[in-house]
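Here is the structure we will look at, set down as structure tokens.
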Amino acid sequence: MSKFDEIKARDNKFFMNTYAPLDICFEKGEGCYLTDTEGNVYLDFLGGIAVNALGYNHPVFTNALIEQAQKVAVISNYFYNEKRGLMAEQLVKGTTLGKVFFGNSGAEANECAIKLARKYYKVKGETRYKIVSALQSFHGRTLATVTATGQEKYNKPFAPLPEGIGTYIPYNDEEALRNALEDSEVAALLLEPIQGEGGIIPATESYMKLARELTKEKGVLLILDEVQTGAGRTGKFWAYEHYGIEPDVITCAKGIGGGIPVSACIATEEVAKAFVPGDHGTTFGAQPLATAVGYAVCKKIREDGFMDDVAKKGNYLITELKKIEDARIKDVRGLGLIVGMEMESAEVAKDIYNRMFKKGFILNVCGGKVLRFVPPLIITIDQIATMLKALKETIAEM
Ligand SMILES: Cc1ncc(COP(=O)(O)O)c(C=O)c1O
């Protein structure tokens, strides 16, 4: 039995059946490359699903992790801790937001935002409790966040779903947005600036501006889910910065930890005041180990030139993808290093994905038929060019 077969057999025996993994197991990563148990090397354009911002074994990530592990990993939130404050400072930098609650996953960050919105209006004495979100959105797998997720396949099997969450509007539809916000019981509008899992669909500028304008006018909170788009992914620290607006709450995870599980719900001082001790909590959130790493990763991303470089590489990727002429390509879209190439069908997208895998490139399909490119932010132009060459050849041979 090969090493891989042994790993697979044990996994299939003990790991709960919620994924359908490929027949491959990666043992090691370095930079943007992953090596499997057979010694094959792959260039990674998935990055742990937009998580590994600094790639694999980056000294900033690894050193912060080791240094903090040697000091103290977890002490509980009953005490002060230097690293959570430092990481929070990095997250609010340059925004109009003031306070951070740390969790461990994107779903927890959104769960926190939903609870915060409800508590905010309770404190104000208003009966606003409903959460409006978009069709094709993705906000997580907890019961509340999977209900906010505007895709039936994720939430229908778990009905009955929590009340007041799950008013869905078509994304980028301004009329639907106006109508939804007429409801005086709406507490928050929850939107991704770019729908990630839904197929890399950026919000239009006028839609985002209208979302901000209307929520302000109606006294509704604007929560932006930056779980996939935050931490420099789009060439700015937050994707919303491209739209010239300021949200009331941001939720984030994935890239802010560069590979360690850490997430955050970030709110304005005014909104955050609704939470008092005892309202919300988590054992692992905000612990020294995760926040020390997150602090180091966010500081690195904020270094001069880092995000400009992401923007430059993203522009190159999008421009080059747009140059590929093939009737089966329906659209290329994205911002920075979150890019989607929509194919004519799920079969074509899957075929490209499989062929590219065999050639040593890890891509992914989201939104049914969209090839997703979310590489580590440290990817180089040369590495992108290598992938593009293989992609062009693959499409030509199909
Ligand atoms: C926009 C968005 N929100 C929330 C989530 C959920 O994050 P997690 O899987 O860390 O709970 C995801 C995950 O893909 C996401 O893309």
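Taken in order, the sequence shown gives residues 2 to 399; the numbers are from the working numbering. C-beta atoms are modelled at their ideal positions from N, C-alpha and C, and glycine is treated no differently.
- Boundaries for residue 79: no alpha helix (DSSP H) harbours it, and the DSSP string shows neither H nor E there.
- Assignment of beta-bridge partners to residue 191 by DSSP yields 134, 224.
- Note on geometry: alpha-carbon atoms of residue 339 and residue 47 lie some 10 angstroms from one another.
- Residue 288 sits away from residue 54, with the two beta carbons spaced by 8 angstroms or more.
- When DSSP reads this structure, residue 186 sits in no beta bridge, so it has no partner.
- The shortest CA-to-CA distance from residue 204 to any of 43, 138, 123 is the one to 138.
- Taking the Cβ of residue 142 as the reference point, at least one heavy atom of ligand 1 falls within a distance shorter than 7 angstroms.
- The Cβ atoms of residue 208 and residue 180 do not sit closer than 8 angstroms to each other.
- Under the DSSP assignment, residue 172 falls outside any alpha helix (DSSP H); it carries neither an H nor an E label.
- From the listed residues 26, 389, 273, 41, the smallest Cα separation to residue 120 is found for 273.
- Under the DSSP assignment, residue 157 falls outside any beta strand (DSSP E); it carries neither an H nor an E label.
- Within the model, the alpha-carbon separation for residue 303 versus residue 147 is close to 32 angstroms.
- For ligand 1, a non-hydrogen atom lies closer than 7 angstroms to the CB of residue 193.
- Taking 8 angstroms as the cut-off, the Cβ atoms of residue 24 and residue 35 do not count as close.
- Taking the Cβ of residue 229 as the reference point, at least one heavy atom of ligand 1 falls within a distance shorter than 7 angstroms.
- Unbroken beta strand (DSSP E) stretches of 3 residues or longer found wholly inside the stretch 353 to 380: 365 to 367, 371 to 374, given in chain order.
- For residue 284, the closest C-alpha among the options 51, 76, 20, 10 is that of 76.
- According to DSSP, residue pairing for residue 264 in a beta bridge involves 104.
- Rounded to the nearest whole angstrom, the C-alpha separation of residue 332 and residue 202 is 11 angstroms.
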